[in-house]
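Quick mapping for you: the protein sequence lines, in order, are chains Z and V. The numbering of the first sequence is our numbering, which starts it at 1 and goes up by one. The numbering of the second sequence is our numbering, which starts it at 1001 and goes up by one. See below for the structure under consideration.
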Amino acid sequence: MLTVDHISKTYGKHLILNDITFQASPGEIIGLVGENGAGKSTLLRILATINKPTKGSFTLNHLSPTTQKKQIRQHIGFVPQDIAIWDHFTVEENMVFFEKLTWGKKKNKSALQAICKDMELDKWKEKVSTLSGGMKRKLNLAISLIHDPTLILLDEPTVGIDLRSRTEIGNYLRKLATENDKIIIYTSHDMDEIRHICDRIICIGEDPFYYNLLKQTDKEIIAF
Amino acid sequence: MKQIIYTRMMQWKKQWLGIVCWSIIPLLIPICIVLGTSNVQDDAKIPIGIVMEENTSTANDFLDEVKSAPFIRVQQLDKTAALQQLEKHELDSVFIILDGYEEEIMRGNRNQLIEGYHSDLSFAYTPVKEMVVSIVQQDAGRYRAVKVIQDIGERYRVQEQWPVEDMIRKSQTIQKDENLLRSSFTYLGEADSMESGELVSWNVWGLWSIAALLATFFLFDWIIKERTSGVGPRFAFFRMSHRAYLIGNMFIYTIFLGWMNLLTMVVYHYVLHEALSIHLFIVLFTFQLTCIMTAFLLATCFKNAYAYFGLAFAITFMIAVISGAILPIDGITGGLPWLEKWNPVQSVMNGEIHYASFILLAIGIAIWYAGKERLHANS
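Here it is as structure tokens:
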């Protein structure tokens, strides 16, 4: 269970996040929407324990980032917006490389390959530099899942990729949340994708554009 | 640490060519320079022929003296072969030590002892002839001094009689020991370089240290490549911080380059006849560590590899100039002794363990490691 409790963030005098409060249960996908600079990535980075909130706090499975940062990080999978993989390695080498450095129990190559296969990333022996953008995005996501995290934070994971890869990633995330009881928090500018994948939507920022765009949907929308 | 070694090996497997090149270059550059210049110097020496019509110790001493001259290459031949080669212009000039040389010298006679031949293309006959004449005069003068000592002994009825050979040897020893015109310098226990007759004497470890500094800078470009690859943020969710990962990798490079230092010492021992000692290894390894820490700290400050390489070249060039490893410029460091103290290359050239920069850089690394990682910054 993720409990976000009155989180605010300011940079100097500029208020980025104002009193964000919500809860997320295992199996739930939450979409974060808002205009550029609204604070979506900042909230993700706070939840990833990379940044500290100015006010408020959160807990993940009763672990607090202030006192148990190391333990809480073992339960978090963060997928950065920029593709963070080795271009000169194959898919296999990337998975093995990051597996060596990650937390948790050791995984053999077949277990690592299974993660990739689940998201239809089948070019196991191919060099990353020869892969399409969609395949790279999938690998970027797969690496973050090696240590089997409880909370998966994705910062625009489908930006700049084709519809097929986008759909495959969306379906995989849906499956991951429901079958493996993961909490997934997801930022995107694609409203169709957000409506299709997410159980709840959090609108951040002063601009009502996104809220108005989404209020027709049957999903629960929380605005901050 | 096992994980860091495994992941580093994975990276090295992909970059093996660059790693091999940059780790072998410091070993090869001094060998190429030293052996290359030695060959060029040999080819540039003036070829002369010496014909020995008599085989006495005085004549042989004369021959050795001529051979030790740094600018000439002496071939000992018979008269016919020597003159044939002179006609073919393979020799610049020919000198024949005539029969009765020792007897005439002992009599104090210094005329008509050597015949000299030259061709119309002999460009160095006159200076070589003057050198030969000066050696003859030196030998004649030495025997004249012996004669004077013997005369004094007879006049004052000295009981003890010194053999002529002993007096000649003593005279030669005094001349060698008191020679103020040619002073010899040695580095790191190597053989007296000026005695070898080389025109240019390289400090092998000076050359190596310059090449090693540059190679270390190039070997450490992985820090920039890995930092700009975007992988850094992932380390927040790994069992070690990004800084711990970088330090671990620096340690692997240190071990690897330490072995390369050892290999370099052994190769130089056999190829360039350099001394082998534990002290020398410590000197080289301390220098190598200084290079590694400099490259490490510098690379962590750069996002652009080309800017880093530019600064690396500038630093190496500056250190090469002020240390005099390539161009012997004593004037700069002579006036600034602190510069010598802070220059790690100078310490290697002097065969000393370098402490000053080493300690400062170690403190720098400790401060860097203890500092806040941007990824983990609690803003």
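All residues carry an ideal CB built from backbone N, CA and C; glycine is no exception.
* To do: Let me know the beta strand (DSSP E) ranges lying completely inside the region 1095-1183 of chain V, each 3 residues or longer, listed in chain order.
  => Whole beta strand (DSSP E) segments, 3+ residues: 1114-1118.
* Asked: In chain order, what residues of the same chain lie with their CB nearer than 6 Å to the CB of residue 1104 (chain V), ignoring the 5 residues before and after it?
  -> Locating residue 1104 (chain V) in the second sequence gives position 104, where the first residue counts as 1. Answer for residue 1104 (chain V): 1113, listed in chain order.
* **Beta-carbon proximity of residue 48 (chain Z) to residue 22 (chain Z), cut-off 8 Å** => Counted from its first residue, the first sequence places residue 48 (chain Z) at position 48. Counted from its first residue, the first sequence places residue 22 (chain Z) at position 22. Cβ atoms of residue 48 (chain Z) and residue 22 (chain Z): not closer than 8 Å.
* Any beta strand (DSSP E) of 3 or more consecutive residues that is wholly inside the region 148-199 of chain Z -> The region 148-199 of chain Z contains these whole beta strand (DSSP E) runs: 151-155, 183-187.
* **Bridge partners - residue 76 (chain Z), DSSP secondary structure assignment** => The count along the first sequence starts at 1 and reaches residue 76 (chain Z) at position 76. In the DSSP output, where bridge partners are listed per residue, residue 76 (chain Z) has Z:151.
* For residue 100 (chain Z), which residues in chain V fall below 7 Å Cβ to Cβ? -> Locating residue 100 (chain Z) in the first sequence gives position 100, where the first residue counts as 1. Contact of residue 100 (chain Z) with chain V by beta-carbon distance below 7 Å involves 1003, 1006, 1007.
* Residues, ordered as in the chain, of the region 88-112 of chain Z that lie near chain V by beta-carbon distance below 8 Å -> Correct list: 88, 89, 93, 96, 97, 98, 100, 101, 102, 103.
* **Partners in chain V for residue 82 (chain Z), counting only beta-carbon separations shorter than 7 Å** => The residue given as residue 82 (chain Z) occupies position 82 in the first sequence. Those are 1230, listed as they occur along chain V.
* Asked: Is there a Cβ from chain Z that is less than 8 Å from the Cβ of residue 1280 (chain V)?
  -> Sequence index remark: in the second sequence, residue 1280 (chain V) carries index 280 (1-based). No, no contact with chain Z.
* Residue closest to residue 1089 (chain V), alpha-carbon to alpha-carbon, out of V:1242, V:1014, V:1125 -> Here the question's residue 1089 (chain V) lines up with position 89 in the second sequence. Measuring from the Cα of residue 1089 (chain V), the nearest candidate turns out to be V:1125.
* Below 8 Å on the Cβ atoms is my guess for residue 137 (chain Z) versus residue 169 (chain Z); work out the distance and round it to an integer in Å. => The residue you call residue 137 (chain Z) lines up with position 137 of the first sequence. The residue you call residue 169 (chain Z) lines up with position 169 of the first sequence. Contact flag correct, Cβ pair sits at about 7 Å.
* Along chain Z, in chain order, which residues have C-beta atoms closer than 9 Å to that of residue 1071 (chain V)? -> For this step, residue 1071 (chain V) is matched to residue 71 along the second sequence. Within chain Z, no residue has its CB atom less than 9 Å from the CB of residue 1071 (chain V), the nearest being about 55 Å off.
* Would you please state the rounded distance, in angstroms, between the beta carbons of residue 1052 (chain V) and residue 1024 (chain V)? I believe it to be under 8 Å. => Within the second sequence, the letter at position 52 stands for residue 1052 (chain V). Within the second sequence, the letter at position 24 stands for residue 1024 (chain V). No, residue 1052 (chain V) and residue 1024 (chain V) are not in contact; Cβ-Cβ is about 47 Å, not under 8 Å.
* Enclosing beta strand (DSSP E) for residue 24 (chain Z) [first to last residue] -> Counting from 1 along the first sequence, the entry for residue 24 (chain Z) is found at position 24. Its beta strand (DSSP E) spans residues 14-24.
* To do: Could you tell me which of Z:205, Z:222, Z:216 sits nearest to residue 40 (chain Z), measuring between CA atoms?
  => Residue numbering aside, residue 40 (chain Z) sits at position 40 when the first sequence is read from its first letter. Of Z:205, Z:222, Z:216, the smallest CA-CA separation from residue 40 (chain Z) is found for Z:205.
* Asked: Within 10 angstroms of its Cβ, does residue 82 (chain Z) collect 16 or more other Cβ (buried), or is it exposed?
  -> Within the first sequence, the letter at position 82 stands for residue 82 (chain Z). Residue 82 (chain Z) is exposed by the Cβ-count criterion.
* To do: Answer with buried or exposed for residue 1265 (chain V), where buried requires no fewer than 16 other C-beta atoms within 10 angstroms of its C-beta.
  => Here residue 1265 (chain V) refers to the residue found at position 265 of the second sequence. So residue 1265 (chain V) counts as buried.
* **Classification of residue 1317 (chain V) by the beta-carbon crowding that lies within 10 angstroms, buried from 16 upward** => Position 317 of the second sequence, counted from the start, is the residue given in the question as residue 1317 (chain V). Exposed.
* Looking at residue 15 (chain Z) and the ligand ADP, is the gap between the Cβ and the nearest heavy atom below 7 Å? -> No copy of the ligand ADP occurs in the structure displayed, which carries no ligand at all.
* Segment contact, 8 Å Cβ cut-off, at least three pairs: the region 1253-1272 of chain V with the region 1335-1350 of chain V -> Cβ pair count under 8 Å is below three, so no.
* 8 Å Cβ cutoff met for residue 1146 (chain V) and residue 1164 (chain V) -> Translated into positions along the second sequence, residue 1146 (chain V) becomes position 146. Translated into positions along the second sequence, residue 1164 (chain V) becomes position 164. Contact: yes.
* Per-residue burial, residue 203 (chain Z) [other beta carbons within 10 Å of its own, 16 or more giving buried] -> Indexing the first sequence from 1 puts residue 203 (chain Z) at position 203. Per the 10 Å Cβ criterion, buried.
* Asked: Pick from V:1361, V:1065, V:1045, V:1134: whose alpha carbon is nearest that of residue 1091 (chain V)?
  -> Along the second sequence, read from residue 1 onward, the residue named residue 1091 (chain V) stands at position 91. When the alpha-carbon of residue 1091 (chain V) is set against those of V:1361, V:1065, V:1045, V:1134, the nearest one is in V:1045.
* Near-chain Z residues of the region 1036-1047 of chain V - C-beta to any C-beta below 7 Å -> Those residues of the region 1036-1047 of chain V that come within reach of chain Z (Cβ to Cβ, closer than 7 Å) do not exist; the list is empty.
* Selection from Z:65, Z:67, Z:130, Z:44 that minimises the alpha carbon distance to residue 86 (chain Z) -> Position 86 of the first sequence, counted from the start, is the residue given in the question as residue 86 (chain Z). Of the listed residues, the one whose Cα sits closest to residue 86 (chain Z) is Z:130.
* Asked: Does the pairing of the region 166-181 of chain Z with the region 89-107 of chain Z give three or more beta-carbon distances under 8 Å?
  -> Note that the region 166-181 of chain Z does not touch the region 89-107 of chain Z; fewer than 3 beta-carbon pairs, one per stretch, sit closer than 8 Å.
* Could you give the residue range of the alpha helix (DSSP H) that holds residue 1043 (chain V)? -> Taking the second sequence and counting its residues from 1, the one referred to as residue 1043 (chain V) is at position 43. Segment 1016-1044, the alpha helix (DSSP H) holding residue 1043 (chain V).
* Hey, residue 2 (chain Z) and residue 60 (chain Z) are a contact pair by Cβ (cut 8 Å); roughly how many whole angstroms apart? -> By 1-based counting over the first sequence, the position of residue 2 (chain Z) is 2. By 1-based counting over the first sequence, the position of residue 60 (chain Z) is 60. In this structure residue 2 (chain Z) is in contact with residue 60 (chain Z), their Cβ atoms being roughly 5 Å apart against a cut-off of 8 Å.
* To do: Scan the region 1245-1263 of chain V for residues whose Cβ lies nearer than 8 Å to a Cβ of chain Z and list them as they occur along the chain.
  => Per Cβ criterion, the list reads 1245.
* Output, in chain order, the set of chain V residues within a Cβ distance shorter than 9 Å of residue 271 (chain Z). => Residue numbering for chain Z in the displayed model covers 1 to 224; residue 271 (chain Z) lies beyond these limits and cannot be assessed.
* In chain order, each alpha helix (DSSP H) run of at least 4 residues that lies wholly inside the region 76-121 of chain Z -> If we require 4 residues or more, the alpha helix (DSSP H) runs fully inside the region 76-121 of chain Z come out as 91-101, 109-118.
* To do: Under 9 Å between beta-carbons, which chain C residues line up against residue 1014 (chain V)? List them in chain order, please.
  => Here chain C cannot be found, since the structure's protein chains are Z and V.
* Asked: Cβ of residue 1318 (chain V) less than 8 Å from any chain Z Cβ?
  -> As a working mapping, residue 1318 (chain V) is identified with position 318 in the second sequence. Chain Z, which has no Cβ nearer than 8 Å to the Cβ of residue 1318 (chain V), makes this no.
* Asked: If we cut at 8 Å on Cβ distances, does residue 137 (chain Z) have a partner in chain V?
  -> Here residue 137 (chain Z) corresponds to residue number 137 of the first sequence, with the count starting at 1. No, residue 137 (chain Z) lies away from the interface with chain V (no Cβ there is under 8 Å from its Cβ).
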